[in-house]
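First up is the structure itself, then whatever we jot down about it.
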Amino acid sequence: MGNNGRVTRPASARAARLDQVCAAAVEVARAGITEVGPDDVGDHLQVVAEGDRLVTHYFECRLAGYRGWRWAVTVTRAPRSRTVTLCETVLLPGSDALLAPGWLPWQERLKPGDLGPGDLLPTPSDDERLQPGYLLSDDPAVEETAWELGLGRPRVMSREGRIETAQRWYDGDHGPSAPISASAPPAARCGTCGFYLPLAGKLRQCFGVCGNFYAPDDGRVVSADHGCGAHSETLVEAETAVDEMPTVYDDSAVEPMAVSRAAGSVESGEPAEPYGHS
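Under full-length UniProt numbering, the residue at position 81 of the sequence shown is numbered 81, and the numbers go up by one with no gaps.
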């Protein structure tokens, strides 16, 4: 703050004054875009003061696939000189530019099903889903094969890994909210199906493997409250025998007709004719 009570700003914080000579050098800036053809440089959009006798000209970019991008050409001049020279030329995105998605490490880009034949997926040494096999676990099924150093697997799933796996399975296509499960009869749940093979350990409480050859989840892990129409207790109801009704003739629509007697015929009241037999 100065002696007169006014707030003074440092020179670096003051707004740069637009140099009119550099601002008028639009064609000089346009000619500096040599990376592409003239048809790929559009209209002059604006000019911005970057510093003393230093301005940037912005031009429309018409390159295919670069909608909303702008050519930025920075020019300058020496003190008391009217000759403008180029500093740099870059292609910058505008406010509505099409941008590529942000870069992600491969561990975050990898999706289920991306691993193909011959591919190798290294597991980090500090993966929180795993823990050394010699550590005590809260799952008896894990401790049966991993409790003694050197005899079990080097690493086993940690509690966090099992919880993450269980939640993923439960929320996936083989949980209770799957479309095939929602459309199945309410009583057709995997936990009561004869083809349901429960998992070992604590996951046994919620998950098993489907062993029905005709079920869409055959060979896959399903939740106990998942379901489908191939439940073992979905039995075919026996057909009930239907009593045969007696045949009824409707004579009311019968039209009586006169029939002439053939030769040798007699009325019912007439005596029978002798045939000459003894």
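Just so you know, even glycine gets a beta-carbon here, dropped at the ideal spot from N, CA and C. Given the structure is predicted, the values throughout are model-derived calculations rather than measurements.
Going by C-alpha positions, THR56 is about 11 Å away from HIS44. Counting other Cβ atoms within 10 Å of its Cβ, GLY208 reaches 16 or more and is therefore classed as buried. The three-state reading of DSSP puts THR83 in coil, since its state is none of H, G, I, E or B. At a Cβ-Cβ threshold of 8 Å, ASP19 and ALA64 do not count as neighbours. When secondary structure is reduced to three states using DSSP, GLY94 falls in the coil class, being assigned neither helix nor strand.
Of all C-beta pairs linking the region 181-192 to the region 161-168, fewer than three are shorter than 8 Å, placing the two stretches out of contact.
Counting of Cβ neighbours within 10 angstroms places ALA230 among the buried residues, the total reaching 16 or more. For the pair VAL221 and CYS190, the CB atoms are not nearer than the 8 Å cut-off. GLU88 places its beta carbon less than 8 Å from that of THR74. Beta-bridge partners of PRO256 (DSSP): none assigned. Going by DSSP, CYS22 is part of the alpha helix (DSSP H) stretching over 20-23.
The DSSP-derived three-state label of ASP218 is strand.
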